[in-house]
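Chemist:
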Amino acid sequence: MTTSFKLNGKSIEVETAEDANLLWTIRENLQLTGTKFACGIAQCGSCTVHVDGVPTRACITPLASVAGKSVTTIEGLSEKKLSALQEAWIAEQVPQCGYCQSGQIMQAAALLAENPSPSREEIVNHMNGVLCRCGTYLRIIKAIERASTSA
Amino acid sequence: MNMPSEQNNKPKLSRRQFLTAAGGVTFAVAAGAMGFKYFAEPGKNKKTLPDQEITAWVKLNPNGEIIFYNPAAEMGQGSMTALAVIFAEEMDADWDMVRIESAPVEPDTYGLQWSGALGGPMLTVGSRTIRGYFQALRHAGAQARNALLQLAAAHWGVDIGQLSTEPGTVVDAKGKQRISYGDLAALMTDTETSIELREIPESAWKKPEEFRLIGTDVPRRDIPAKVDGTAQFAMDVHLPGMLYGSVLRTPVHGAKPTLKNETDIRKMDGVLEVVMLDHGVGIVADNYEKALKAKRALQVDWSQDAQAQGYDSEAAFAKYQQLARQTTADSRKVSESGNYSGAMRGAQKTYDLEYRNDFLYHAQMEPLNAVVSVTSDKKSAEVWVGTQGMDGSRKAVADALGIEFEQVKFHPCYLGGGFGRRSMSGYVEEAALLAAKVDQPVKLIWTREDDVRYGAFRPISVQRMQAGVDETGELVAWGHYIAGTGGGLLGSAGKCDYYSLPNHRIEVRNIDEGVRTKHWRSVSHGANKFAIETFLDEIAHDLGRDPLNFRLRLMREHPREMKVLKEVAQMTDWGNAAIPEGRARGLSVTDHGGSFAAGVAEISVDEQYKIRVHRFWTAVDAGIVVQPANTKAQIEGGIVMGISSVLQESITFKDGAVQQSNFHDYPLLRMADVPEDIEISLIASEGAPSSIGELSLPLVGGAIANAFLSLTGTPLRHIPFRPEKVKAILNA
Ligand code: FES
Ligand code: FES
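Note that the protein sequences, when read in sequence, are chains A and B.
Read in the working numbering, the first sequence has 113 at position 104, and its numbers run on one by one without any break.
Read in the working numbering, the second sequence has 78 at position 46, and its numbers run on one by one without any break.
(1) Within the present structure, is the beta-carbon of Y393 (chain B) separated from the nearest heavy atom of ligand 2 by less than 6 Å?
(2) Are the CB atoms of R644 (chain B) and S636 (chain B) nearer to each other than 7 Å?
(3) Who are I736 (chain B)'s beta bridge partners in DSSP?
(4) How about G54 (chain A): is its Cβ closer than 6 Å to a heavy atom in ligand 1?
(5) Compute every distance between the C-beta of C68 (chain A) and the non-hydrogen atoms of ligand 1, then say whether any falls below 6 Å.
(6) For N40 (chain B) and E461 (chain B), I'd like the C-alpha separation in whole angstroms.
(7) Taking its Cβ as the centre, do 16 or more other Cβ atoms sit within 10 Å of K325 (chain B), making it buried, or is it exposed?
(8) Give me the pocket residues for ligand 2, defined as CB within less than 6 Å of any heavy atom, sorted by chain position.
(9) Taking C-alpha atoms, which residue in A:A156, A:I150, A:M136, A:E88 lies nearest to S55 (chain A)?
(10) Bridge partners of P444 (chain B), per DSSP?
(11) Could you check whether the Cβ of I99 (chain A) sits closer than 7 Å to any Cβ belonging to chain B?
(12) Thinking just about the alpha-carbon of each residue, which of B:R583, B:G625, B:N763 is nearest to the one in T161 (chain B)?
(13) Taking 7 Å as the threshold (C-beta atoms), are M673 (chain B) and G500 (chain B) in contact?
(14) Does the beta-carbon of F46 (chain A), which I'm using as the reference point, lie nearer than 6 Å to any heavy atom of ligand 1?
(15) State buried or exposed for V90 (chain B), treating a residue as buried only when at least 16 other CB atoms are found within 10 Å of its CB.
(16) Rounding to the nearest angstrom, what Cα-Cα distance links E767 (chain B) and I246 (chain B) in this structure?
(17) Tell me the rounded alpha-carbon separation between Q498 (chain B) and G745 (chain B).
(18) Under 7 Å Cβ-Cβ, which residues of chain B neighbour M136 (chain A)?
(19) I want to verify the contact list: residues of chain B whose CB lies under 7 Å from the CB of N30 (chain A), in sequence order.
(20) Would you say the beta carbon of A51 (chain A) is closer than 6 Å to some non-hydrogen atom of ligand 1?
(21) Suppose the cutoff is 6 Å on Cβ atoms and the five residues either side in sequence are ignored; what does the same chain contact list for A156 (chain A) look like?
(22) Does L433 (chain B) come out as helix, strand or coil in the three-state DSSP assignment?
(23) Using a beta-carbon distance below 7 Å, is P71 (chain A) in contact with chain B?
(24) Helix, strand or coil: how does DSSP classify A263 (chain B) here?
(25) Using a Cβ-Cβ cutoff of less than 6 Å, which residues in the same chain neighbour F582 (chain B) once the five nearest sequence positions on both sides are dropped?
(26) Against chain A, does K239 (chain B) count as a neighbour if the rule is that its beta carbon must be under 7 Å from one of theirs?
(27) For T201 (chain B), which beta-bridge partners are listed by DSSP?
(28) Ignore the nearest five residues each way along the sequence and tell me which others in E599 (chain B)'s own chain have a CB closer than 8 Å to its CB.
(29) For T87 (chain B) and S723 (chain B), what's the separation of their Cα atoms in angstroms?
(30) Got a sec: is the Cβ-Cβ distance from P104 (chain A) to anything in chain B below 7 Å?
(31) Rounded to the nearest angstrom, what separates G448 (chain B) and E503 (chain B) at their Cα positions?
(32) Do you know whose CA, among B:P721, B:V690, B:A402, B:L679, lies nearest A735 (chain B)'s CA?
(33) At least one CB of chain B closer than 7 Å to the CB of S157 (chain A): is that the case?
(34) Counting only the same chain and skipping the five closest in sequence on each side, list residues whose C-beta sits under 6 Å from that of Q691 (chain B).
(35) Is R252 (chain B) closer than 7 Å to T113 (chain B) when the C-beta atoms are compared?
(36) Can you name, in chain order, every residue of its own chain whose Cβ lies under 6 Å from the Cβ of S843 (chain B), other than the five neighbours on each side?
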């Protein structure tokens, strides 16, 4: 099947099997590997991308469902320069292994786009679906708070 | 590609001790008091280093860039930056000019300090990296600095004694001249000056008060690539023509597969190969989703004769309990001293309690994967993998293909978590076996379900604790019997050198069940320290003693550990703090790899019987700390993983098979359940650096159980403390 959609601002067309999935298409066909696979069942959030601005678990998203829509990945969040959120992530030295962090940042970016200065409770509620085995949660909260006050 | 390494800059050296190299100067490391290997032992290095007699840690380019070769895996612990900091400190390098690349996988040269000398495996385990390279890298840095001083002295024709260094620069105070390291390197490439690589005694290294990098918060070099998505995990590798692999593995460890529908599978869309393995069936396809589809369609009969057949972890507790209770059994002694039996008999009062823990899964966030490419003559291969055991993985690929170690080109990638799981190399071997069947590279990806079901777990155990106290409430006898399945992983942390327990006996009793167990962050410390610390509080509680004073009394001969415990008591204002209604605090301590920590948890129990950890404090003595902020991040991460494991995580077996499969039935701690605050105090020390990554996790079980005992008067004796268990205990 041919699917047309916008990926990081550019219109693209991909040729895949009927049942192709968004995550594997992005990662393997299009080789944008910043978006991670970790559970495949919408339990961890490592694969989070934005579909028309909404944080979405790519691992359970059929490719066909994004036809005509706009998909943003971590690569698209920072094409020219790092966003304030990513700068805050560096300032707080958030990542450990780093594997969950694209998903964390994409999830957080969607929050700040909606709500530029969230309370701690709002941050926790919004971020709770994204797992971090290395235990960086407290620093993630600090980074979001830093980005929200500097925004 | 943003990899922790660029192997194309591998240093090439000739026989002289300090040598010119095209475009740069490479400093070798000389033998030191710590037994560091410098010269190749005749015959030994020949195999791995065919064209060089010595190898190097650092290269200095004429543009002033200093390339440091990192020998350790970067799995989130930050050692890639920390090791470079240690070297740069003694070299007196300008940190901004330091670049980090992975060292070649040549363990004779770059292997960890193992039983005294470097040259052990290139294995990133046991929180050994900093302590295992600290002395050697300081010496190497001091030698590199000295070599630059010699160069400058020769260049200016002055006595080396009148030279000193400032970061990145040699200074001649008397002659009022200066030259940068880069300019020296440029000079070196076109002179024939011969420089001696000298032994630099430790007395000539920097004093701790002279450190300007060690002990400051140098930002981690791996972090920028981890916030823009460019960090290269093996999962992210793309090669021209690359194919995809998936493996269906036996649900019962040890069972052998018989494939019933190979012909049909081979006809499936995209399927290129079906590979029979000892423990499963592999698929190679031109697309990962197609490989998964073919894997789901496999019809396999598994042999019914595996040792693990029928294993039931719930039912097994009764066996381990019986084994722990036997007065004599086939045991491995962890420690014994004094007259334990006599002291038990003579005690005024005795205690005899049991603690349990379930199996735990590593749950590293990046599922196992590897990319292997085998040449069409099948005589050489390349591998891209995130592994804790670099030479082990390289060897696993060589052995799987029946080729020499040197014929495997190895590309270390970032690890999306290790925690012990990536110290095994079975997944790399699988990738090699699949790649051997085709002429293109293969990326083998485990699904999360694969990763859980074919996990290798922290062992299950029953720990029987016995103690005797005299009429003054002094502990006079101590017994600890650890029974379960997991051999050496069960009880190495039973020993508590920081407590005065003159009459003690600590034993491990193992039943081999044929299920897979493995080192899991902190190994036996997690279960052992939980039992020890909870048992101590139960005794203190019974005697009406304060848990802090009870422990301080036991530490009377151990001032270093006492200081740490007092520090956490001060941080929490132990005994005097106003604790919010409905909450209580609990204390615990642990050692690990030369370090010592004490922790306090503040908890409550909600209406759904869920334990909530509101705050956590810890004090740590880990010797000299190279990167304080990163050290705190590791300690924080250990506490979070500890809370997750103690409150939620459990792997169970039925009919020999793992019952869990993904994060819905193996839940990890989420953001809503982390403490509001984790406060960490690093105690200033000039002691040798010691363990950090696995130090804090073992504090958690005891601290939470002890807070629960204080809150409810009821003990918790079985990890994990899930709501259903807490409910049953409180309503009993
Ligand atoms: S990989 Fe999509 S939520 Fe886990
Ligand atoms: S940084 Fe390792 S899983 Fe989040």
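C-beta atoms are modelled at their ideal positions from N, C-alpha and C, and glycine is treated no differently.
Bear in mind the structure is a predicted one, so any value in this text is a computation, not a measurement.
Modeler: Reading off the structure:
(1) no
(2) In this structure, R644 (chain B) sits near S636 (chain B), with a CB-CB distance shorter than 7 Å.
(3) DSSP, once it has assigned bridges, lists no residue as partnering I736 (chain B).
(4) yes
(5) yes
(6) Its pLDDT being 33, under 50, N40 (chain B) is placed unreliably by the model, and the measurement read from it follows with that caveat. One C-alpha to the other measures close to 25 Å.
(7) buried
(8) Counting every residue whose Cβ lies closer than 6 Å to a heavy atom of ligand 2, we get A:P104, A:Q105, A:C106, A:G107, A:Y108, A:C109, A:Q110, A:C141, A:R142, A:C143, A:T145, B:G108, B:M397, B:G449.
(9) For S55 (chain A), the closest alpha carbon among the candidates A:A156, A:I150, A:M136, A:E88 is that of A:M136.
(10) Per DSSP, B:V417.
(11) True, the Cβ-Cβ gap to chain B drops below 7 Å.
(12) Nearest neighbour of T161 (chain B) by Cα position, chosen from B:R583, B:G625, B:N763, turns out to be B:G625.
(13) no
(14) yes
(15) buried
(16) Beyond the ends of chain B as shown, which are 33 and 764, falls residue 767 (chain B); an answer cannot be given.
(17) Using only the alpha carbons, I get a separation of about 20 Å.
(18) M703
(19) E321
(20) yes
(21) A93, L94, A97
(22) helix
(23) no
(24) It is a strand residue.
(25) A572
(26) For K239 (chain B), the answer is no, since every Cβ of chain A falls outside 7 Å of its Cβ.
(27) B:E198, B:S212
(28) For E599 (chain B), where only same-chain residues beyond five positions count, the Cβ hits under 8 Å are A630, A651, S713, I715.
(29) With a pLDDT of only 31 at T87 (chain B), under 50, the local geometry of the prediction cannot be trusted, and no value is derived from it.
(30) At a cut-off of 7 Å, the C-beta of P104 (chain A) has a neighbouring C-beta in chain B.
(31) 54 Å
(32) B:L679
(33) By this cut-off, S157 (chain A) is not an interface position.
(34) T684
(35) yes
(36) There is simply no residue 843 (chain B) to check, as chain B begins at 33 and stops at 764 in what is shown.
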